[in-house]
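**Q** Structure incoming, see below.
Numbering (the numbering used here), first residue to last: -3 to 766.
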């Protein structure tokens, strides 16, 4: 049932997404020039910078730079609290607020250039700069570009040294920002939100502000600025650690540090009066210190060692890994010591958390108790590991975040360190690369517009349900195999079968036994749900145990059918809409994958060596579970799957060269005795290819109606473009056959009938054993 609803949801999402794209293109962008501001020049062209200018007649000018995301409005409370003797300029940095949104560069460096150009336009020679959070990066870049233009700097809950941002490592941080950018892009373009998710926190400018900037550049102005500096920070700041503020104040030669004990990162909202008082006092005292950059940078302050949550994550992870997998403790300890001294800390932690998670994974099967019994020597290893944590200098609480990311990466790597997991990984790649494994809607969606357009001129797509009047909805979904086989009567070409109704297990077993007794050979037997497709619930029972398992799994009416050996083909046949002879539209050879034993490899190893097996590896592992460790003798042939179903592992080969007049004539004769069936695919077996050419020795297993496909399209050598063209031709042929039946009085199914049938088919999926 879930899979059916999932397809419906995917279809609804596709329609909504198309509507969202149309809406996005149709919606006019807001005007570039909004509110008060000025045009400033960039190398890429002019851009609008919106700002508010309070007390423009004052001598001392204060430039307030907001964080990301943010706008000039963030400073409303602070601006109101500042002394009226200051000229206060609150700017919407380009990309934010009412300023130009679409930019080529959102970096600190570009913003600093924009601010200097704005000062030129306003005729301001020198300004006191206040940078809030990410705005501090812009303030420091202004110092680097034009130190004489900056009278003083105030870092307000500001970023600075790279080591205190997230993980502390530029490349790791940048990878995280790029991942964030991918998520925001996906939300913007792949989620049909129609503007409801448009916000600053999901804005592209906010994401680009991170990805375009290099925080390593900020170390130079921090270490060379000789002018007045004020650092204000909240003791409870959870975004930029207070340790960063201490490091910045030590780096700046004339800095004063103020830590507000009861404040967090958002001090301009929680403590605007205190912040305003500190800034005013700083501005008044700034005239005594000259601005500029020293010729050489000062020495960089030493960052704090890993403390708090990061240290406890390290020690806890070490303890879990050592307790569960004691042999790992020795090399783990060595890796932390050596790699820690070499500075390759991320790799060291990856090794540790990967080992711990691998141990936890195995602990589920009872290894935990045995591991704890061996923990006598592990206590010593744990003490060494805890001591080795002192060697690690992460210098940022962001190490906790990286620990979680590396934890996940380590788990993923360990999960793919065995042959089976590598096989699953390659199988996923093959399913993505080979269209034959794609979801049906991906294949059909590109041809749907043309099909609907051409169907409109033929009388509507519902005419297709007029094919096969003897089958419900023409065989679109949920058709009864018993009804279809009954329509063929007692022809010798039909494999013998019997419908087994639901009931007590003993009663159903007796019904199957009576049927098997009437066959020349009782075993094996084919058991399949009366209503089902793509091999769902089909079982080849070879003994009573397999029979009971199939009867317990399939709780709806089922078909018991004699097992037909030979070569299996799918032959698509359609009646002539004009009343002439029918045509063979498609012939495909359904080849089951065969493995050959070599006397050395187990069944599992043979499965993992077959590319045709890997896309459906988990299914084949379940089917061969009892024999996975068995080593077949040299030359032994093992059938991977006995079912001629593509979705269960069979390979479909294009065999259109077998569509002979003799085969078409044989099928025409069979269909003459099956009134009400005129469009669909025969699944049949014959002793040999030559007999199929002659139309002799046919044994029909099933006949599938409207929703059956011309199976030769699934030949691995065929591109998806050929498949789509054949499918389009097939549905148009169904329309022509259906229209001919409509003229004879057959009425098409209503949309309500189609929806009801699809819903009923999805609801009994579990009962079919699918």
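Glycine residues also receive a C-beta, built at the ideal position from the N, C-alpha and C atoms.
Everything numeric in this text was worked out from a predicted model, so none of it was measured.
1) With distances taken from CA atoms, which of 159, 524 and 268 is nearest residue 244?
2) Count the other C-beta atoms from every protein chain shown that fall within 10 angstroms of the C-beta of residue 211, then say buried if there are 16 or more, exposed otherwise.
3) When you compare the segment 78 to 94 with the segment 53 to 64, are there three or more beta-carbon pairs, one atom per stretch, that lie closer than 8 Å?
4) Decide yes or no for the touch test of the segment 541 to 555 against the segment 496 to 509: beta carbon pairs closer than 8 Å, at least 3 of them.
5) Taking the Cβ atom as the reference point for each residue, do residue 133 and residue 67 lie within a distance shorter than 8 Å?
6) Taking the alpha carbon of residue 730 as the point to measure from, which residue in 460, 708 and 587 has its own alpha carbon closest?
7) If you run the structure through DSSP and keep just helix, strand and coil, what is residue 496?
8) Within the same chain, show all residues whose beta-carbon is closer than 7 Å to that of residue 265, passing over the 5 residues directly before and after it, in chain order.
9) Just curious, the beta strand (DSSP E) that residue 473 is in, first and last residue?
10) Taking the continuous alpha helix (DSSP H) assigned at residue 122, which residues delimit it?
11) Assign residue 769 to one of three DSSP states: helix, strand, or coil.
12) Once the 5 residues before and after residue 375 are set aside, which same chain residues still bring their CB inside 7 Å of it?
13) Rounded to whole angstroms, what is the Cα-Cα separation between residue 418 and residue 237?
14) Which stretch, first to last residue, makes up the alpha helix (DSSP H) that contains residue 579?
15) Please report the straight-line C-alpha distance between residue 271 and residue 442, rounded to a whole angstrom.
16) For residue 14, count neighbouring Cβ atoms within 10 angstroms of its own Cβ and tell me buried if that reaches 16, exposed if not.
17) From 458, 694, 582 and 151, pick the residue whose C-alpha is nearest to that of residue 749; which is it?
18) With DSSP collapsed to three states, give me the class of residue 721.
19) Count the C-beta pairs between the segment 535 to 544 and the segment 647 to 662 that are closer than 8 Å, then say yes if the count reaches three, no if not.
20) With a threshold of 7 Å on Cβ separation, who are the neighbours of residue 598 within its own chain once the five nearest residues in sequence on each side are excluded?
21) Quick check on residue 149: buried or exposed, where buried means 16 or more other Cβ atoms within 10 Å of its Cβ?
22) Rounded to a whole number of angstroms, what is the C-alpha to C-alpha distance between residue 519 and residue 721?
23) Alpha carbon to alpha carbon, how far is residue 448 from residue 11? Give it in angstroms, no decimals.
24) In terms of residues, what are the limits of the beta strand (DSSP E) holding residue 42?
25) Quick one: residues in its chain with C-beta nearer than 7 Å to the C-beta of residue 688, no 5 flanking neighbours on either side, listed in chain order?
26) Near residue 49, what residues of its chain come up, given a Cβ to Cβ distance below 6 Å and the 5 sequence neighbours on each side ignored?
27) Around the Cβ of residue 726, are there at least 16 other Cβ atoms within 10 angstroms (buried) or fewer (exposed)?
28) What separation, rounded to the nearest whole angstrom, lies between the Cα atoms of residue 652 and residue 584?
29) Could you pull out every residue in the same chain whose Cβ sits closer than 6 Å to the Cβ of residue 141, ignoring the five residues on either side in sequence?
30) Are residue 429 and residue 475 closer than 8 Å when you measure CB to CB?
31) From the DSSP secondary-structure annotation, give me the bridge partner or partners of residue 650.
32) What does a CB cutoff of less than 8 Å around residue 579 pick up in its chain, not counting 5 residues either side in sequence?
33) Counting C-beta neighbours from all protein chains within 10 Å, is the total for residue 435 16 or more, i.e. buried, or is it exposed?
34) Would you mind listing the beta strand (DSSP E) stretches within the segment 517 to 586 that are 3+ residues and don't spill past its ends, in chain order?
35) Checking the sheet assignment: what are the DSSP bridge partners for residue 271?
36) How far does the alpha helix (DSSP H) with residue 507 in it extend, from its first residue to its last?
**A** Working from what's here:
1) By one-based count along the chain shown, residue 244 stands at place 248. Nearest to residue 244 by alpha-carbon distance, out of 159, 524 and 268, is 159.
2) Translated into the one-based positions of the chain shown, residue 211 becomes position 215. Within 10 angstroms of the beta-carbon of residue 211 lie 16 or more other beta-carbons, which makes it buried.
3) The answer is yes - the segment 53 to 64 touches the segment 78 to 94, with three or more Cβ pairs under 8 Å.
4) Verdict: yes, contact present.
5) Translated into positions along the chain shown, residue 133 becomes position 137. Translated into positions along the chain shown, residue 67 becomes position 71. For residue 133 and residue 67, no; Cβs fall outside 8 Å.
6) Looking up residue 730 in the chain shown gives position 734. The shortest C-alpha separation from residue 730 is found at 460.
7) As a first step, residue 496 must be located in the chain shown, where it is residue number 500. Strand.
8) Translated into the one-based positions of the chain shown, residue 265 becomes position 269. Once the five neighbours on either side are set aside, the close Cβ partners of residue 265 are 73.
9) For the purposes of this step, residue 473 is identified with residue 477 of the chain shown, where counting begins at 1. Counting along the chain, residue 473 falls outside any beta strand (DSSP E), and DSSP gives it neither H nor E.
10) Along the chain shown, one-based indexing puts residue 122 at 126. Residue 122 -> no alpha helix (DSSP H), and no H or E assigned at all.
11) This structure cannot settle anything about residue 769, because the visible part of the chain is limited to -3 through 766.
12) Numbered from its first residue, the chain shown carries residue 375 at position 379. Here residue 375 scores only 39 on pLDDT, less than 50, and its place in the model should not be relied on; the value that follows carries that caveat. If we look at residue 375 and ignore the five residues flanking it on each side, it has no Cβ neighbours.
13) Mapped onto the chain shown, residue 418 falls at position 422. Mapped onto the chain shown, residue 237 falls at position 241. Rounded to whole angstroms, residue 418 and residue 237 show a C-alpha spacing of 41 Å.
14) Here residue 579 refers to the residue found at position 583 when the chain shown is read from its first residue. Note, residue 579: premise wrong, no alpha helix (DSSP H); beta strand (DSSP E) at 579 to 587.
15) Position 275 of the chain shown holds residue 271. Position 446 of the chain shown holds residue 442. Here the C-alpha atom of residue 271 lies approximately 60 Å from the C-alpha atom of residue 442.
16) Locating residue 14 in the chain shown gives position 18, where the first residue counts as 1. Flag for residue 14 reads exposed.
17) Taking the chain shown and counting its residues from 1, one reaches residue 749 at position 753. Sorting 458, 694, 582 and 151 by C-alpha distance to the C-alpha of residue 749 places 458 at the top.
18) For the purposes of this step, residue 721 is taken as the residue at position 725 of the chain shown. In the three-state reduction of the DSSP assignment, residue 721 falls in the helix class, which pools H, G and I.
19) The segment 535 to 544 is not in contact with the segment 647 to 662.
20) The sequence position of residue 598 within the chain shown is 602, counting from 1. For residue 598, where only same-chain residues beyond five positions count, the Cβ hits under 7 Å are 624, 625, 626 and 627.
21) As a working mapping, residue 149 is identified with position 153 in the chain shown. Buried: at least 16 other Cβ atoms inside 10 Å.
22) Working through the chain shown from its first residue, we reach residue 519 at position 523. Working through the chain shown from its first residue, we reach residue 721 at position 725. Cα to Cα, the separation comes out at about 42 Å.
23) On the chain shown, residue 11 is found 15 positions in, with the first residue counted as 1. On the chain shown, residue 448 is found 452 positions in, with the first residue counted as 1. Cα-Cα distance, rounded: 15 Å.
24) Here residue 42 is taken as the residue at index 46 of the chain shown, counted from 1. Unbroken beta strand (DSSP E) run through residue 42: 41 to 50.
25) As a working mapping, residue 688 is identified with position 692 in the chain shown. So the qualifying residues of the chain are 565, 654, 659 and 682.
26) Here residue 49 corresponds to residue number 53 of the chain shown, with the count starting at 1. These residues qualify, in order along the chain: 85.
27) Here the question's residue 726 lines up with position 730 in the chain shown. It is buried - the Cβ of residue 726 has at least 16 other Cβ atoms within 10 Å.
28) Translated into the one-based positions of the chain shown, residue 652 becomes position 656. Translated into the one-based positions of the chain shown, residue 584 becomes position 588. Between residue 652 and residue 584, the C-alpha separation is close to 7 Å.
29) Looking up residue 141 in the chain shown gives position 145. These residues qualify, in order along the chain: 108.
30) Position 433 of the chain shown, counted from the first residue, corresponds to residue 429. Position 479 of the chain shown, counted from the first residue, corresponds to residue 475. Not a contact, by the Cβ cut-off of 8 Å.
31) Locating residue 650 in the chain shown gives position 654, counting from the first residue. Note: residue 650 sits in a beta bridge opposite 584.
32) In the chain shown, residue 579 corresponds to position 583, counting from 1. Only 569, 570, 572 and 660 meet the Cβ criterion.
33) Position 439 of the chain shown, counting from 1, holds the residue named residue 435. In summary, residue 435 is exposed, with fewer than 16 beta-carbon neighbours lying within 10 Å of its beta-carbon over all protein chains present.
34) Counting whole runs of 3 or more residues, the segment 517 to 586 contains the beta strand (DSSP E) stretches 521 to 525, 535 to 537, 554 to 558 and 563 to 570.
35) As a working note, residue 271 is residue 275 in the chain shown. Partner(s): none; residue 271 has no beta bridge.
36) Your numbering for residue 507 matches position 511 in the chain shown. 501 to 513 is the span of the alpha helix (DSSP H), which, as asked, contains residue 507.
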